[in-house]
Amino acid sequence: MRYFSFSEYLRKTFNAKVYRVTVDAGFTCPNRDGTKGTGGCIYCYAGSEYNPDKRLLSVEEQIAKGIERVKRRYGAEKFLVYFQAFTNTYAPVEKLKEIYDTVRKFSEVVGIIIGTRPDCVPDEVLELINSYTEDYQVWIEYGLESPHFKSLRWMNRRHGVSDFIDAVLRTRRFEKIKICAHVILGIPLEDEEDMLETADFLSAIRVDGVKIHPLHVIKNTKLAEIYEREKFSLLELNSYVNLAVRFIERLRPDIVVQRVTGEAPEDLLIAPEWCSHREKNRVINLIRKRMEELDTYQGAKCRFLSMVR
Ligand code: SF4
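Be aware that the sequence shown starts at 1, since it is given in full-length UniProt numbering, and climbs by one per residue.
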C-alpha cells in the first residue's frame, strides 16, 4: 500500500474483518440551532446523513440492522459503531452516556467513532468518551475542514483553527482516544500551497487519522445557492487526484488515511459528477495508480518525520 489506509489499519489492529456501522442518534448542531450560528455550514446536507428515515429507528435498531447488513454484504466479523450525523457530543453528559451505552448491547462491537465539532467537546464529555476506552477502541472525528480562517469563515463553520488545536490538545490528555480530522480540499479561496499546508499542520499537531474529500455541491444547501449564483470552479478529477497524492505525500506515515474522496447519492449531487457513490472506487483507484506511477508514498515529503512516534 502506498498510503496507510483504514482497512489496513483495522486488519492489523483487530486481525478480523471490521466494518463501520453508521448511526443517526437524533442529535442537532450548535451551528444550526442558534447557539453558534444558524443555517449551518454552507455544504451541510442534514448533518451528513443522506437517509432521513434512519433516525426513525432507535439507536439499538440501527446498530442491529447495520450489523446484519454488513455481515451479509461483506462477511464482516466485528464492528465499529459510527455516530456520524450532526454533532454527536451536543447533549448533556447523561444523555450522551445513555446513547453511547447502546453499543454495550452488541458483543461484536469493538469500537466507537464519534463525529463532532472541535468547539463542542467540554472536558466532562471527553472524560465520558475516555471511559469507553477500557472496552473499546475509541475515535473522535473533529470537523476541521481547513486550518485557514478565510475558508472557515466562507463555509460558515463558526469556529476557528484555535478551537481545533484546543480540542486536540485536551483530547491528547486521554492517551487512548484516537483523533481523526476531516478536511475539505478544493475550497475556492485556497491555492494548492494552502491545501498542502493543511497536511503539514495535521502532521505537526499529530492527529491519528485524516479524512479528505473534495468540495462538492449537494442540492438544498447554501453552497448550492452560491454555486448557482457564482459558478465558482470546482476541482476537475485529474487535478484532485494529483492534489490528493501531494497531500498524502506531506502527511506523516503513521496517520491513518481513513478517506480519500467524497461520495454523495447521484440524485442529490449537483457537481462535480465524479463525487457520486458510483465513482468512489474509481477515484480511489486513480489515486493509488498515480502514486504507483510516481513511485511515491505517504510521508515522502513530510517535514515532520522526526516527530513520528
Ligand atoms: S457542524 Fe456538521 S452538522 Fe453542524 S452544520 Fe456544520 S456540517 Fe452540519
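All residues carry an ideal CB built from backbone N, CA and C; glycine is no exception. Predicted, not measured: the structure shown is a model, and the values here were computed from it.
Please find out if some non-hydrogen atom of the ligand SF4 comes closer than 7 Å to the beta-carbon of residue i.
{"i": "PHE83", "result": "no"}
Name the DSSP bridge partner or partners of residue i?
{"i": "residue 312", "result": "This structure does not reach residue 312, given that the chain is present from 1 up to 309, and the question cannot be answered."}
{"i": "LYS105", "result": "Paired residue(s): none; LYS105 is not in a bridge."}
{"i": "residue 320", "result": "For residue 320 there is no data in the structure shown, the boundaries of the chain being 1 and 309."}
{"i": "TYR142", "result": "THR116 and ALA181"}
{"i": "LEU269", "result": "ILE218"}
{"i": "THR38", "result": "ASP33"}
{"i": "VAL241", "result": "Paired residues: none, contrary to the question."}
{"i": "LYS211", "result": "HIS182 and ARG259"}
{"i": "SER7", "result": "According to DSSP, which records beta bridges pairwise, SER7 is partnered with nothing at all."}
{"i": "GLN137", "result": "GLY111"}
Check this for me: beta carbons of residue i and residue j, under 8 Å apart or not?
{"i": "PHE149", "j": "LEU196", "result": "no"}
{"i": "PHE79", "j": "VAL110", "result": "yes"}
{"i": "THR198", "j": "GLU249", "result": "no"}
{"i": "ILE140", "j": "THR116", "result": "yes"}
{"i": "GLY186", "j": "PRO214", "result": "yes"}
{"i": "ILE42", "j": "ASN156", "result": "yes"}
{"i": "ILE112", "j": "TYR132", "result": "yes"}
{"i": "ARG158", "j": "ASN31", "result": "yes"}
{"i": "GLN84", "j": "THR13", "result": "no"}
{"i": "ALA224", "j": "ILE270", "result": "yes"}
{"i": "PRO118", "j": "ASP163", "result": "yes"}
{"i": "ILE255", "j": "SER203", "result": "yes"}
{"i": "ARG290", "j": "ASN242", "result": "yes"}
{"i": "LYS178", "j": "VAL138", "result": "yes"}
{"i": "GLY299", "j": "LEU251", "result": "yes"}
{"i": "PHE27", "j": "PHE106", "result": "no"}
{"i": "ALA181", "j": "TYR240", "result": "no"}
{"i": "VAL210", "j": "VAL161", "result": "no"}
Which residues count as close to the ligand SF4 when the rule is a CB under 6 Å from any of its heavy atoms, in chain order?
The filter returns CYS29, ASN31, ARG32, GLY40, CYS41, CYS44, GLY47, PHE86, THR87, ARG117 and GLY143, in chain order.
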